[in-house]
Each structure stands twice: as structure tokens, then as C-alpha cells.
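Peer 1: The number in our numbering is simply the position in the sequence shown, starting from 1, with 37 added.
Don't be surprised by glycine CBs; every beta carbon is placed ideally from N, CA and C.
Below you'll find the structure I mean.
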Amino acid sequence: MLQPTILFITPPFTQLNTAYPASAYLKGFLEGYEISFSHCDLSIELFASIFTSNFLRSIFKEAKDLDNYYYPKVSEMKELYISRVDVVIGFLQKQDIETANKILETNFLPLGHRLLNVSTEIKWEAGEVGVIDKAKHFGTLFIEEIGDFIQANVDEFFAFTKYAEQIATSASSFHQLDELLSYQPTLIEDEMMNILEEKIQKHTPDLVCFTIPFPGNLFSALRCSQFIKQFFPDIHIAFGGGYCNTELRSLKDPRIFEFIDFISLDDGEGPLLKIVNYLEGAIDINELERTFVLENSQVVYKNKIPNTIFHHRNLPAPNYSGLPFDKYVSFLDVVNPMHRMWTDARWNKLTISHGCYWKQCSFCDVSLDYIGNYQNTTAEDLVDKIEKIIKDTGITGFHFVDEAAPPKMLRALSNKLIERNVNITWWTNIRFEKTFNFELCQLMEKSGCIAVTGGLEVASDRLLTKMKKGVDIAQVARVTHNFSENNIMVHAYLMYGFPTQTEQETIDSLEVVKQLFERNCIQSAFWHLFTTTVHSPIGKNPQEFGIEITGPVFEGFAQNDLYHKDSQGADHPKFTKGLNLALNNYLNGVGFKGELQNWFDFPVLPTSHPKGLIESFLS
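In C-alpha cells, the structure reads:
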């Protein structure tokens, strides 16, 4: 066989404002082997196809045919939605002032269930920036109204940054996925497969590869694979990406191989190269690396040792060329300047280092390659890659998507960007460690850093020690203050429900978060309810953390999230609503004066922290 032609696909749905980087990394890598490689962001292609006047007409017809009438006001104003959608999407892609003014004209947008309740308290910037932002916010709510209608009436799996996530999360058995794949495709799925067919006919691939970063990409990837197997049976199909790396490591159920041929784990360069070599007849199937295949109706893991290793420092720059940058949209659902970074503006995604230099947190997947295998490169090499990516995309915004960017590398990178006069805007994920002193934060800001994200997790020194986070509240306060004093925004990842966490510690954590907001140390945050994972130290040794694993029973497919019983801790889910309500107020700069009790509809303990706790750490 001749060398295979590869089509690499990001299935629906991922971020809509920027390209997911997996295909760009592999495109850059495979160019060195002169392998024919095309990539398609089916996520943004499908989104851009759904939100058009023609397709929206089909949506309303489908809802009527199915006899579904949720959101009747949207149905009543359907002609207005149909006539406005192309204008709004065009604006969210380009954001020009002329269209912004048009969108904000009275009666231009239908007043649906979201726009009717738009906040009148938002303070918009003066001038064109404020007008564009306001139109972006209104346009986003308009598109979300249509999304609500689609999900309620036409396709229950539809969501903007995921698809059918609920059936892929903790799917210990393949049974439900298999059953749903036997149903007729929805209108949305039909459109996805129309686009897929066009891409296959254009690129004529021998191998189609799907990256599956999250549970919300699995079902759409399987739908596409099912279609390819039915209509293009000679094409081979491979799965890889974050979902496979974390959830499918114990795979036993052969049914998924009715839809695909290969599932690779961990970094994709080595396994993909071996799959290509195998398909062209250059190697035997037993020479595949970190790859599941089906042999004699059994799932077999092929992993020839030693693996072919491609070190982070030796990899070429990701190649983003060929992706439809004109189709990505900027959403502005939450106006908070830090919060909007995930949905607004274009960002080139790039990793500074591979893995995590700390790799000790007890809740984290430290046993897996993407965390545990730390590899670094040089600042010179990084800036070379940055310049190439700017040339490919025309975009000067960068999101460094590290597990935790090393302070030493951030110092070297900042100096190199300044020395070479490379002007970019960038943000990244860090650990709140003491190395981030005022001087380093100042240097980062000078080089173009505008924001950092980091895990404060449970704001309790006892629990931070128990989770081996390597920081305490005082240190977090000082580090976040250093960033904020240098006009670098800070987003904190927050966790509640950690093993043995008491109600008092939850309320005290909320008090710490409130004071950090009040003192402008952080500008944004997000609460996650703790989940034990099978690859973390807690999942491997639950008794050491005072919990008992209660399920789910592994039935041959996915294995990652675990259920647990915590006899020492509080009833954590009941705090969800109140914690999020408080946070939503703090994000908007209000709600600091009242008691913490005000956020909850059941009695809670008063905080044991003094009102000036964070201030005392800063002084």
C-alpha cells in the first residue's frame, strides 16, 4: 500500500472562539515525514452551518413535525430569529462597529427568554469598545436562545461546547452508547455527516483520526465513525486524545471496534506514526505502540517496548494553517473580564512544557503521562514557534495550556519575548507558588501577560496540606496580589467536597474567596465539586484519605470518575447552589457586605476566619 493520506477531525463540540490544538500539533509533526495530512474542525464547521437562516428554518419545521412546543415565544417570533441569525453570526465572527449599532437598534433582535432578562446593571466601556461588547453580549444571548430551543425541541444532546456529554461521562458500560447509535440520527447529526462527507470527498483519506479531548466529543465522533464505516468502508479510523487517555485505559468491550480500528493512548506522535507504517505495510501489527486493536474478537493492547519517544524540546511548531479562522465566533455571555477569556477573542494554543513539574497533588492524575511525564524546552525554541504560529494564523493572542507553567520558564520566555521584540498577548495556568514575586509578575506583564489561572482548590490550610498542593492561603494571597498589582488578572479554580472536608471548612473557604475578591487579589473563580478519579493518589489509596469507593462497577468500557462515601465530611452537594450564587455576585463586584448565611437557604455555621484575614497576609 502507498503511504496513507490522513484526515484529522476535531468532532463537535469544543471551544467556538478558537481552534483546539491537537490536530495542529500532529500536522506540524507529520510534515517532517512528508505524510499527506489535512485537518478539519468539524466543531466550528457544524456550528457555523446550524446557525444560518436556511438551517434554522429546518429547525423550526423539525420541532413542529416532532410536535414539540417548548419555548413557544421563540416559535412565535421564528421569522425574526431566521431573518436575524446570519447578521448576528457574521458580527460574532468579525465584530465591526456598524453591525454592532444595527444589532442594538430597538426591535432588531427578538426579545426572547434570555434577552428579556438581560442585566441592566452592566457598566459598558465608553466609545466603540463598549458598543461592540454590548452588541456581542446581546448577540450571544440571542444565539443561546436558539440553542435552548434546539436542545428542548430538536436534539436533547445539543450544547455549545459539548454534545451528548451526559452519556459519555462515567460510561463504565458501552451499552447505552451502542443503543443510541442504533437510533436514527437527529437533524443536527445529519448536518454533521453532510459536512463530513464533503470533507472525505475533498481529501480522499485512507485514515481518519478523531481527537476526543472530552466526554462531550465522544458520541459525535462515534456517529461520524459509524457513517464512515457504512459509506466508506475502506477508510481506517483511529481515536485518541484526553478522553481516551484517561477513560479508556482498561478497555475490554469489543463493540466500539465495530466503528473504529485503532485507539491510541497518551502523546499521539509515536502511535500515529506506527499506525501509518502499519497501514503502508512497513511493519507488523505487533509493532504498534500504545494502541488498542481488535484481534480474534478480543480487545488487544499493542505496545512495542521501547516506545519511540519524541521529546517536547524536539517537536516542531504546531501548524494551524488550513483551519477556518473566519468561522470562529466570540461569545460574551459573562461580562467579567477574566471569565470571558474562554469564549471571547482568538487564541493560539501552545504548551510551554509537557506534563507538570510539581506532579504531587493527591486529587490529580499524576500517574498518567500527560501529568507525570515532565519535559521542558528552551525559551529560544518557544519564541521561534510563536513567530511561526503568528505567521500561519495572523493571530497574536496565545493561551499556554500547560498543566502548570514553570516559573523559571515563564521568566526565560518573558525575557526572550522582550529581547526579540515579539509583541503578543498571552495567558497561562500556574501554581500559586512563592517564586511569583512582584518582580517576576512585573516582567511577565511587560512581555504581554494579561492573565493567569491557578488552583486555589479548597481554601483551607489543613486540606491544602492533605492534597499536597504545596501552597497555603497566605502564600496564595501574596502571589495573587503580586499579579493583580501588575494588571495581570487572576482566575482561581475552587474545589469543595474534598475527603473529610467539614461544613466549617466549606464556609471558611467561601470567606477566604470573598476576601480575595474584595481585596482584588482574584477577579474570577469557578467551583468544582470534588470527584475521585481512578488514576489519582486518592483513587488508588482511598482509605488513606478517609473515603470508601462505592462504584461504579467497571463493565469493560470507560473507567475514570469514581463514586465515594465520606463518613467524616459534610453533605457537599447541598452547598452547590449557595456557593455559586455567592461567586456570581463576587464576580460582579457586589455582595461583600452581607453575611455568608444570605447565600444559603438552610442554616450554615458562621465563618471562623477574622474579617481581615487576607489583609493581614498582605501587610
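(1) Can you tell me whether DSSP reads Ser-604 as helix, strand or coil?
(2) Of the choices Ala-205, Gln-560 and Ile-510, whose alpha-carbon is the least far from that of Thr-376?
(3) Starting from the N-terminal side, write out each stretch of the beta strand (DSSP E) that is 3 residues or longer and does not extend beyond the stretch 423–484.
(4) For my contact list, Tyr-62 and Pro-444 are in at a C-beta cut-off of 8 angstroms; report their separation, rounded to the angstrom.
(5) Please report the residue range of the beta strand (DSSP E) in which Met-532 lies.
(6) Over the uninterrupted beta strand (DSSP E) stretch that includes Thr-328, give me the two end residues.
(7) Is the shortest distance between the beta-carbon of Gly-127 and the beta-carbons of chain B less than 8 angstroms?
(8) Could you round the C-beta distance between Phe-469 and Val-513 to whole angstroms and report it? I think they count as a contact, below 8 angstroms.
(9) In angstroms with no decimal places, state the Cα-to-Cα distance between Ile-432 and Thr-568.
(10) Apart from the five residues on each side of it in sequence, which residues of its chain come closer than 8 angstroms, Cβ to Cβ, to Glu-522?
(11) Between Asn-460 and Asp-439, which are expected to be in contact by the criterion C-beta below 8 angstroms, what is the C-beta distance as a whole number of angstroms?
(12) Which one or two residues does DSSP pair with Gly-491 in a beta bridge?
(13) With respect to the alpha helix (DSSP H) encompassing Thr-206, which residues constitute its N-terminal and C-terminal limits?
(14) Flag this pair as touching only if the stretch 397–408 and the stretch 282–292 have three or more C-beta atom pairs under 8 angstroms; answer yes or no.
(15) Might you give, ordered along the chain, the residues of its own chain that have their beta carbon closer than 7 angstroms to the beta carbon of Val-111, omitting 5 neighbours on each side?
(16) Using only the alpha-carbon positions, how far apart do His-609 and Phe-535 sit?
(17) Please state the DSSP three-state secondary structure of Tyr-338.
(18) Does the stretch 196–203 come into contact with the stretch 43–51, if we say contact requires no fewer than three beta-carbon pairs (one atom in each stretch) closer than 8 angstroms?
(19) Sort Lys-506, Phe-591 and Ser-451 by Cα distance to Lys-396 and report the nearest one.
(20) Look up Gln-412 in the DSSP assignment and say whether it is helix, strand or coil.
(21) Taking buried to mean at least 16 other C-beta atoms within 10 Å of its own C-beta, is Asn-385 buried or exposed?
(22) Just reading off the beta strand (DSSP E) that Glu-585 is part of, what are its end residues?
(23) Could you compute how far the alpha carbon of Phe-296 sits from the alpha carbon of Ile-96?
(24) Helix, strand or coil for Lys-101 per DSSP?
(25) Look up Thr-570 in the DSSP assignment and give the residues it is bridged to.
(26) Going by the beta-carbon positions, is the gap between Ala-607 and Thr-539 smaller than 8 angstroms?
(27) Pick out whichever of Leu-447, Val-420, Arg-499 and Phe-179 has its Cα sitting closest to the Cα of Arg-457.
(28) Using a Cβ-Cβ cutoff of less than 8 angstroms, which residues in the same chain neighbour Arg-260 once the five nearest sequence positions on both sides are dropped?
(29) To which residues of the same chain is Leu-302 closer than 7 angstroms at the C-beta, ignoring the five residues directly before and after it?
(30) So who's on the other strand from His-273, going by DSSP bridges?
Peer 2: Reading from the atomic positions:
(1) coil
(2) Before going further, note that residue 376 is His rather than Thr in the sequence given. The residue with the shortest Cα to Cα distance from His-376 is Gln-560.
(3) 434–437 and 462–467
(4) The Cβ separation is near 24 angstroms, so there is no contact.
(5) 526–533
(6) 328–332
(7) Here chain B cannot be found, since the structure has a single protein chain.
(8) 5 angstroms
(9) 36 angstroms
(10) Phe-475 and Cys-478
(11) No, Asn-460 and Asp-439 are not in contact; Cβ-Cβ is about 22 angstroms, not under 8 angstroms.
(12) Ile-467 and Ala-529
(13) Per DSSP, Thr-206 belongs to no alpha helix (DSSP H) and is neither H nor E.
(14) yes
(15) Tyr-118, Gly-149, Glu-182 and Phe-186
(16) 9 angstroms
(17) strand
(18) yes
(19) Lys-506
(20) strand
(21) buried
(22) 585–588
(23) 28 angstroms
(24) helix
(25) Asp-598
(26) yes
(27) Val-420
(28) Leu-218, Pro-222, Glu-226, Met-229 and Met-230
(29) Cys-281, Asn-282, Arg-286 and Arg-327
(30) Leu-244
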